[in-house]
Each structure stands twice: as structure tokens, then as C-alpha cells.
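Some notes on the structure that comes next.
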Amino acid sequence: MATTELKYDNLFEMMKIHLASNAGRELIKNIGLVYQINIAPKKIGFDEVSYIVNLKKGEVTKGKYEGGKPDATFFFKDDDFIKVPTGKMNPQIAFMR
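Set out below in C-alpha cells:
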């Protein structure tokens, strides 16, 4: 795993806070899936950092999923990753990049 500091590491910290809220607990109850998000500073496949958004347990952790296989894995460049949740990029466009 790379040690590169990503521009938007704090977004995952915000996810942790949200999952502890009433709305976050509702997501956990309704979704119950595990997502692995791999983010590369410049080019996908190089120096990627992985985060797990575990909506079974309500946890957000840095590192690869160790509980088997995640339900879905996403790959982003750092610049594109923040554009999706802020509405500046359509997720389908990010998928095709």
C-alpha cells in the first residue's frame, strides 16, 4: 500500500462521522454491503491507497478488505474521486476514465 497523502483523505473521516449519525445507521441497516475504494494519486494501478466502507459494520478503514471479497470495488484517480460526491463529475464518466 502506498503512503502517499491523498488530497481528500478527510472525506473518509467525514464518512466515519456520518455513519455514526442516525442517517448513517439507517444506511447500514438498509444497504449492508462492503465497498473497497482504491484511489491512485495520478494513474490507476500505481501507488493506490485502499479504503473500506463497510456498511455491514458501519466502519470506514484504510487498507484492503481482509474479510473475504468486498461486494464492490471502485478505482479512482484522486482528482476524480472528490468530483463524484461533490456533483462535479457523473459517476459514469469517472467509470469510463
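Mind the numbering: the sequence shown is residues 1 to 97 in the UniProt record's numbering, read in order. Glycine included, C-beta positions come from ideal geometry on N, C-alpha and C.
#1: Ignore the nearest five residues each way along the sequence and tell me which others in M15's own chain have a CB closer than 6 Å to its CB.
#2: Give the straight-line distance between the Cα atoms of A40 and K77, rounded to the nearest whole angstrom.
#3: I'd like to know if the segment 82-95 and the segment 51-65 are in contact, where contact means that at least 3 CB-CB pairs between them fall below 8 Å.
#4: In angstroms with no decimal places, state the Cα-to-Cα distance between E13 and L55.
#5: Fully enclosed by the segment 31-63, which beta strand (DSSP E) runs are 3 residues long or longer?
Let me spell this out:
#1: Around M15: V60.
#2: Approximately 5 Å, taken between the alpha carbons.
#3: Flag = no, the segment 82-95 and the segment 51-65 do not touch.
#4: Taking the straight line from one Cα to the other gives about 15 Å.
#5: Qualifying beta strand (DSSP E) stretches, in chain order: 34-40, 49-54, 59-62.
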